[in-house]
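Trainee:
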Amino acid sequence: MINLPGITDIKFPVFLAPMEDVTDKAFRKICLEMGADLAVSEFIASEALVRNSEKSFLKMEKSYPDETLVVQIFGNSPDVMADAAQMVEESGAAILDLNFGCPVKKIVNKGGGAALLRDLPLMKEITRRVVNAVKIPVTAKTRLGWTSEDLVHEEVALNLQEVGIQALTMHGRTRSQLYAGEADWEKIAEIKQNPDFQIPLIGNGDINSAEKAVECFEKYWVDGIMIGRAAIGDPWLFKRVRAVLNGEKFDEVPSIKERSRVCKQHLIATGDWKNEYIAVLEMRKFYSGYFKGIPGFKPFKIKLMEANSFEEVFAVFDEVENELNM
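Residue numbers (the numbering used here): 1073 to 1398.
1. May I ask you to verify whether the region 1148 to 1158 touches the region 1116 to 1136, counting CB pairs closer than 8 Å and requiring at least 3?
2. What residue from 1132, 1249, 1288, 1283 has the CA that sits closest to residue 1167's CA?
3. Taking residue 1113 as part of the beta strand (DSSP E), name the residues at either end of that continuous run.
4. Identify which residue in 1377, 1365, 1345, 1370 has its Cα closest to the Cα of residue 1357.
5. With 16 other CB atoms within 10 Å as the buried threshold, where does residue 1031 fall?
6. Where DSSP assigns a beta bridge to residue 1146, which residues make up the other side?
7. To the nearest angstrom, report how far apart residue 1381 and residue 1348 are at their CA atoms.
8. Taking C-alpha atoms, which residue in 1233, 1310, 1105 lies nearest to residue 1271?
9. In whole angstroms, give me the CA-to-CA distance for residue 1084 and residue 1078.
10. I'd like to check one pair, residue 1157 with residue 1089: are the Cβ atoms closer than 8 Å?
11. Below 8 Å on the Cβ atoms is my guess for residue 1231 versus residue 1188; work out the distance and round it to an integer in Å.
12. Quick check: the Cα distance between residue 1390 and residue 1359, rounded to an integer number of angstroms?
13. Starting from the N-terminal side, write out each stretch of the alpha helix (DSSP H) that is 4 residues or longer and does not extend beyond the region 1134 to 1218.
14. Where are the alpha helix (DSSP H) runs, 4 residues long or more, that stay fully inside the region 1289 to 1318, in chain order?
15. DSSP on residue 1274, reduced to helix/strand/coil?
16. Could you name each continuous alpha helix (DSSP H) segment of 4 residues or more that falls completely within the region 1212 to 1269, going from the start of the chain to the end?
17. Would you give the residue range spanned by the alpha helix (DSSP H) that residue 1389 belongs to?
18. Between which two residues does the alpha helix (DSSP H) holding residue 1352 run?
19. Could you tell me which residues DSSP puts in a beta bridge with residue 1087?
20. Report all residues from its chain with a CB closer than 7 Å to the CB of residue 1311; omit the five preceding and five following residues, and keep chain order.
21. So does the region 1168 to 1177 actually touch the region 1123 to 1138, counting three or more Cβ pairs closer than 8 Å?
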């Protein structure tokens, strides 16, 4: 078990991974309702937060009043990261997560995310400063190394444990892999097998089925798992994972009506938070996932991508339910 707020009594905790432009409060709420135990916010730039960026504060809004909010920040300045951490704590977050793994160029080129894998002393100092700056638990998410030739996963794990993080999430790829190839869970397990590593380990990478989730716990001995891209458009994955981990049978395929219902819920929640037009635009990246594998959906997807209002989107959903209902 992992001794963090919201999951102290959960044997097999399952997390929603932080994803930019995905894990906003509307999507987090859906995934939490579907069975995710904790959901991490979109990452927030520490520099933007200390400048009081309105967008940064929006990312820290809870999806519902009692949400155990986990906020992730990134940056490369110990001073700024410590200041940002205090602002996260003051916002009401229950857990602060440090992003040392994002591989995208716009983050790495600023010295954040996975860039810290090339400067482990700085990563350690940032973490030390953040841990000392706040009272809430601090966790971190990172990768195996910069490339396959310079793996540093065990060194990073021990470094961050030494300066006080309370759990570590390890994605089973290097920065150079981005999201190509397969996540190396054997390397994740090496951290758990190190007798000097004593804090909870959360594994991340390629968990796209309940069977894979069970394998991660049973074969690689992780204390928790984090699901990312596979949940986009398929929040029911958390239901399937939770059922199997609890020893229950769950092979239900969401009906067209259920897919439409959740998609509408997602759209409306985004509209309530932002506005109708932005919600319609942002939802376009989710339609393929919500209706994945449904024969005959393609022409309706085209209509959804062209819709510019709730009324137009809902009209397409009605067509989908009437013509493709399973």
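We treat Cβ as the ideally placed atom computed from N, Cα and C, and that holds for glycine. Treat the numbers as computed from the prediction; the structure is a model and nothing was measured.
Mentor: The structure says:
1. yes
2. The residue given as residue 1167 occupies position 95 in the sequence shown. Cα-wise, what sits closest to residue 1167 is 1132.
3. What you label residue 1113 is simply residue 41 of the sequence shown in a count that begins at 1. Taken as a continuous stretch (DSSP letters only), the beta strand (DSSP E) holding residue 1113 covers 1110 to 1117.
4. Along the sequence shown, one-based indexing puts residue 1357 at 285. Ranking 1377, 1365, 1345, 1370 by Cα distance to residue 1357 puts 1377 first.
5. Residue 1031 lies beyond the residue range present for the chain, which begins at 1073 and ends at 1398; the question has no answer from this structure.
6. If you number the sequence shown from 1, residue 1146 lands on position 74. DSSP, once it has assigned bridges, lists 1117 as partnering residue 1146.
7. The residue labelled residue 1381 in the question sits at position 309 within the sequence shown. The residue labelled residue 1348 in the question sits at position 276 within the sequence shown. If I take the Cα positions, the gap works out to 7 Å.
8. Position 199 of the sequence shown holds residue 1271. Checking every option, the nearest Cα to that of residue 1271 belongs to 1233.
9. Taking the first residue of the sequence shown as 1, we reach residue 1084 at position 12. Taking the first residue of the sequence shown as 1, we reach residue 1078 at position 6. Going by the C-alpha atoms only, they are around 13 Å apart.
10. As a working mapping, residue 1089 is identified with position 17 in the sequence shown. As a working mapping, residue 1157 is identified with position 85 in the sequence shown. In this structure, residue 1157 does not lie closer than 8 Å to residue 1089 by Cβ.
11. Numbered from 1 along the sequence shown, position 159 holds the residue referred to as residue 1231. Numbered from 1 along the sequence shown, position 116 holds the residue referred to as residue 1188. Contact flag wrong, Cβ pair sits at about 11 Å.
12. Counted from its first residue, the sequence shown places residue 1390 at position 318. Counted from its first residue, the sequence shown places residue 1359 at position 287. About 15 Å.
13. 1150 to 1163, 1177 to 1180, 1192 to 1205
14. 1308 to 1317
15. Position 202 of the sequence shown holds residue 1274. The answer is strand: DSSP assigns residue 1274 an E or B state.
16. 1225 to 1234, 1257 to 1265
17. Within the sequence shown, residue 1389 is the residue found at index 317, counting from 1. 1382 to 1396 is the extent of the alpha helix (DSSP H) around residue 1389.
18. Indexing the sequence shown from 1 puts residue 1352 at position 280. 1348 to 1355 is the span of the alpha helix (DSSP H), which, as asked, contains residue 1352.
19. Taking the sequence shown and counting its residues from 1, one reaches residue 1087 at position 15. Partner(s): 1110, 1298.
20. Numbered from its first residue, the sequence shown carries residue 1311 at position 239. Closer than 7 Å at the Cβ level, and outside the excluded window around residue 1311, lie 1106, 1107, 1322.
21. no
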